[in-house]
Amino acid sequence: MVWRYYIFGGDSEMVDSLIRLFESTAISFQTNGLGGLSEALKCEVIEERNGSFELEMEYHISGKRYRDLKLRRIIVAKPNPYSDPQPFRIYDISKPINGLVTIKAEHISYDMTGYPVAPFSVSDVKAAISNAQSNAIVSHPFKLSTDMSASGEFTILKPVSMRSLLGGSGESILEVYGGDGEYEFNGFNVILHQNRGTNRGVSIRYGKNMTDLKQEENCSNVYTAVYPFWYSDEWGMIELPEKTLKTAGTYDYTRVLPLDLSNDWENSYEWDDQYPSEDEIRELAQKYIDKNNIGVPIVSLTVSFEQLSQAKEYEMMALLETVRLCDTVNIEFPLLGVSATSKCIKTIYNAITNKYISIELGESQTTLSDTVSQQSQTIKKQPTQTFMEKAIQTATQLISGGLGGYVVIRSSSGGKYPDEILIMDDPNIEKATKVWRWNKGGLGYSPTGYSGPYTTAITQDGSIVADFINTGHLTANIIQGGTLTVGGFDNTNGTIEVRDSNNNLLIKIGVDGMFFTDKGGKPITNIVENTVTTDYVNSKRVTAKNVHCDSGGGRVTDINGGYSKYLWDEDEVGRIGTNRIKDTEEHGLVMDLDMDGDFLALSRQMSDNDSYVTALHYSRADDNLQLGCNIDCKNWTIENPRICNPYIEGGITATVHFVQVLETDDDGTITKYGPDAYFEFTNGILTGINYYG
């Protein structure tokens, strides 16, 4: 709701000598600088809550300081009756019209746009404000502080300007730590207040002591009740038994607001048992009613102080002259049985007469969007505003606020019949820079003139060209691109789902992990909190800290850089990994048998239909190694063997082949040896021998 109070009157000839001009490099304003601007015909300072802070002056070309008024020089003037004079840097000087020029200047804090801040990461608002000042890559005169104490992670991944860091986007300090915080710009000092203003006891009793004033009441957004609910595809809708919650006040009509609270709980998975209770829905709905003043009408009042100077209500209205930016004013609605408070969101101050020209009370309609960010909104949204709601709101503000311009219907070829419609910022096509062009080829927007390029367009072949597309629901056969990002600051937590043609959920990826199901909805793989549970893993390579694979009673867990552990039920039976020989730098691959493991086996399958046959088997029970295949040494020898019969110690049954030397040279080289020499033992008894001679 917005109230505008206009104050007229006063001696326009009275000059405030404190309006002074300084050189562009000045950082101290305790002197007269280049001199006073006593011949200014108009000097107004406009300041908005978390918004613009600018000065506009009219000066005659015959004035003695006219030639001193140059771009980037600084005008110092009071912004209101209570604050110190503030410096404003000149950014625009109009051409003389009837001997007058209009000078526009912006508060010195706008200079922060030119100071980049290097990336940093902190965990509370005080550290964020401190780093915004100290991490600037060049020296600067600004000092930042805050009386807030909010905590939470805040990370800047790439350099940004100091001013945009204050409140320029969803990643700004104001957005992360305090959407209700209020900035104060005082020279080179910037303070982020929890509450910049206060309630000074000023009240407006709507409909009683202001009956002589023009009143416009807008009830289009007044609801008598809300209908809260929660919905998910898995669980359906949950609502209150009483259906609705009433808002404050007494009404002779019914208007119920459907209140979707689905985004205020994480969407549960099909096998989880997580959904809000009725009490939780009721509590959050009541908080929404209280926070957003549901049931309080949007009212606009226009008050002329000059007209009220003789009225009995003027004494009450005069109190408004004590209201400062960000102060709170009490608003009473006796007929509706409700009350509310309203912020002072904008002041326009005459720095020559030292009086307010007007003040506005209500919801912040303009914010740091033009200079810092898009943060406060005219109409309050639900506590968790989605990116789509913000996109719709931004589009609404752009279109509903885009007044002016020129519509031209023309023939592009100079023919008899028009073939295109143009909407431009100038009636002359050659001079226009912002152009909407609509013809049979399509609809497009060019920021650089009639000839384009058209950076936003819908063409006749069905193509849409745009830097950003905001949509609530996108249906497509193929989505192609370099990066897919879901979730974020303006879109809560991201979720990716894959479903089959029967709408069965197969894969779900979200902040709680990755979930894979079979077509019946049964989970086969869960990856939650660095732990994986699965029936099947098909991968060329798996790299993980903790992997948990269920398959009957056996599973593998804790795959990391050193080893992988293997369990049966809850007992570890062995490990495969890397190790190092003690006191050396020799490393290798090892297979370990744990105390809970009874055997270690190496097996093979002879064909697809065969079972696995043990080729090598170590048993803990008898502490031996059993072979299920021949040993082929490939021309290598077995040295220092000790062959034992488990039943007859020292007795063997074997054939031992050896080389029988027959002839040698003088140097001992063997020149002839026996073809097949051997000893044959049976249970330790030599039962056969074969050698030459």
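Position one of the sequence shown corresponds to residue 0 (numbering that gives the first Met the number 0), numbered consecutively onward.
C-beta: ideal position from N, C-alpha, C; glycine also.
Neighbourhood of residue i by C-beta, 8 angstroms cutoff - its chain only, sequence neighbours within 5 removed
i: G186; result: F28, D83, Q85, P86 and I107
i: K125; result: T145, M147 and S148
i: I89; result: L68, K69, L70, R71, R72, I73, I74, I102, K103 and A104
Own chain residues within Cβ distance below 6 angstroms of residue i, not counting five before or after
i: L592; result: G573 and L599
i: V406; result: I422
i: T542; result: With a pLDDT of only 48 at T542, under 50, the local geometry of the prediction cannot be trusted, and no value is derived from it.
i: E679; result: T654, T686 and G687
i: Q306; result: Model confidence at Q306 stands at a pLDDT of 36, short of 50, so the residue's coordinates are unreliable; what they give is reported in the following sentence. Result list for Q306: empty, nothing under 6 angstroms.
Status (buried if at least 16 other CB within 10 Å, exposed otherwise) for residue i
i: T154; result: exposed
i: M594; result: exposed
i: D326; result: buried
i: P275; result: buried
i: T686; result: exposed
i: L244; result: buried
i: E181; result: buried
i: P158; result: exposed
i: E282; result: exposed
i: L483; result: exposed
i: S445; result: buried
i: Y453; result: buried
i: V137; result: exposed
CB contact flag (residue i, residue j, <8 angstroms)
i: I575; j: M590; result: yes
i: S202; j: N329; result: yes
i: V255; j: Y222; result: yes
i: S129; j: E152; result: no
i: I45; j: I347; result: yes
i: R64; j: S23; result: no
i: E183; j: I172; result: no
i: V100; j: R19; result: no
i: S61; j: G34; result: no
i: R162; j: Y109; result: yes
i: G443; j: A431; result: no
i: K142; j: A350; result: no
Backbone secondary structure at residue i - three-state DSSP
i: T321; result: helix
i: D278; result: helix
i: A127; result: helix
i: V464; result: strand
i: N188; result: strand
i: T670; result: strand
i: L17; result: coil
i: L164; result: helix
i: N502; result: coil
i: K286; result: helix
i: Q306; result: Here Q306 scores only 36 on pLDDT, less than 50, and its place in the model should not be relied on; the value that follows carries that caveat. Three-state result, Q306: helix.
i: E419; result: strand
i: N682; result: coil
i: T112; result: helix
i: E241; result: coil
i: Q376; result: Low confidence applies to Q376: its pLDDT is 30, below 50, so where it sits in the model is not reliable, and the reading given next is rough at best. Looking at Q376 - three-state DSSP - the assignment turns out to be coil, as it is neither helix nor strand.
i: Y449; result: coil
i: L33; result: coil
i: L193; result: In the sequence as displayed, the identity of residue 193 is Gln instead of Leu. Looking at Q193 - three-state DSSP - the assignment turns out to be coil, as it is neither helix nor strand.
i: E152; result: strand
i: Y355; result: strand
i: I107; result: helix
i: I688; result: strand
Closest residue to residue i among the options (Cα-Cα distance)
i: T613; options: I288, Q625 and G196; result: Q625
i: D289; options: G235, A224, G512 and N349; result: A224
i: D179; options: W234, I344 and W437; result: I344
i: L360; options: H616, K342, M513 and S133; result: K342
i: T352; options: E183, G196 and E43; result: E43
i: L156; options: V189, S120, G35 and P426; result: S120
i: D570; options: E585, E584, D582 and G596; result: G596
i: I92; options: H59, S610, A76 and P78; result: H59
i: R48; options: D424, E662 and G196; result: G196
i: S618; options: D607, N291 and L601; result: L601
i: A676; options: T458, L68, L661 and T668; result: L661
i: A117; options: E105, G414, Y81 and S160; result: S160
i: L239; options: A247, E277 and N262; result: E277
i: D425; options: P417, Y416 and W435; result: W435
i: K433; options: E57, N502, T447 and A131; result: T447
i: Y697; options: E38, L588, Y250 and Y690; result: Here the chain has residues from 0 to 692 only, and residue 697 is not among them.
Nonlocal neighbours in the same chain, by C-beta distance under 7 angstroms from residue i, ignoring five residues either side
i: R199; result: T321, V322 and D326
i: D693; result: Since the first residue shown for the chain is 0 and the last is 692, residue 693 is missing from the structure and cannot be characterised.
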